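Counting from 1165, one number per residue, gives the positions in the sequence shown under our numbering. C-beta atoms are modelled at their ideal positions from N, C-alpha and C, and glycine is treated no differently. Remember, it's a predicted structure, so these values are computed and weren't measured experimentally. Quick notes on the structure that follows.
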Amino acid sequence: MNPLVAFVCGSDSDLPRLEAGLQILKDLEIPFEVRIISAHRTPEVAAEFAKTAEERGLRVLVAVAGHAAHLGGVLASLTPLPVIGIPVSSSALDGLDSLLSTVQMPPGVPVACVGIDAARNAAILAAQILGASDPAVRERVREFKRRQAEDVMARDRRVREQFS
Ligand code: RP5
């Protein structure tokens, strides 16, 4: 199946922080691709990727970047597709630099920034964006949330037993 979601990482050193998010998309049966493209080190590749993403069938882009993280903004400036940013804690500032670089976009070029290293939330949000126009995906997201709630309630039961 053609990928619907692209995870674009500024470096392969970002990949370990992505794994939990990739697993969520696998569980939700959403096809995705992973690329290593840097807004600073390979800017021309980044531009070409963003400009051609829509025609290649992608529907959501996820930019994963640390340090002065301009990747989400660069992609968002060149595509009508929604862009989610994951700020990565790879720098001496533990990702605060990446968070502000990703979230503080100027008016007109939004990037939906999740928390630092929050790959799970980025994956869930990507699925929810796709689910807005795809009832089958929406149903799988609903089931994911139902199972998540059951898991929390099971933990609650265990803690109440432990402390009663
Ligand atoms: C960013 O710089 C990347 O997204 C990564 O988080 C960070 C460090 O990259 P490497 O020096 O490990 O390749 O652009």
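(Q) Quick check on the DSSP output: what are the complete beta strand (DSSP E) runs of length 3 or more inside the region 1175-1214, in order along the chain? (A) Counting only runs of 3 or more, we get 1196-1200.
Q: Report yes if the C-beta of V1209 is less than 7 Å from at least one heavy atom of the ligand RP5; otherwise report no.
A: Placement of the Cβ of V1209 at a distance of 7 Å or more from every heavy atom of the ligand RP5 is found.
Q. Is DSSP giving G1279 helix, strand or coil here?
A. Three-state result, G1279: coil.
Q.
If you measure between the beta carbons of S1202 and G1230, is that distance less than 8 Å?
A. S1202 is not a Cβ neighbour of G1230, given a cutoff of 8 Å.
Q. Is G1174 near the ligand RP5, in the sense that its beta carbon is under 7 Å from a heavy atom of that ligand?
A. Yes.
Q | Neighbourhood of T1266 by C-beta, 7 Å cutoff - its chain only, sequence neighbours within 5 removed | A | Counting only Cβ-Cβ distances below 7 Å, and skipping sequence neighbours, we find A1233, G1236, G1249, P1251, V1275 and C1277.
Q: Leaving out five residues on either side along the sequence, give the residues of the same chain with a beta carbon under 6 Å from the beta carbon of L1192.
A: Excluding residues within five positions, the ones whose Cβ falls inside 6 Å are A1291 and R1304.
Q: Please name the residue, chosen from E1219, P1244, N1166 and V1224, that lies closest to A1287 on a Cα-to-Cα basis.
A: That would be V1224, whose Cα lies nearest to the Cα of A1287.
**Q.** D1112 versus S1297: straight-line alpha-carbon distance, rounded
**A.** Past the edges of the chain, shown from 1165 to 1328, lies residue 1112, and the structure says nothing about it.
Q: Look at the Cβ atom of L1182, then the Cβ atom of F1196, and state whether they are nearer than 8 Å.
A: Between L1182 and F1196, the C-beta spacing is not below 8 Å.
Q.
Checking 8 Å against the spacing of the C-beta atoms, do L1179 and L1294 come in under that value?
A. Contact flag unset, no.
Q: Using 7 Å as the cut-off, classify the Cβ of D1178 as near or not near the heavy atoms of the ligand RP5, replying yes or no.
A: Yes - the ligand RP5 has a heavy atom lying nearer than 7 Å to the Cβ of D1178.
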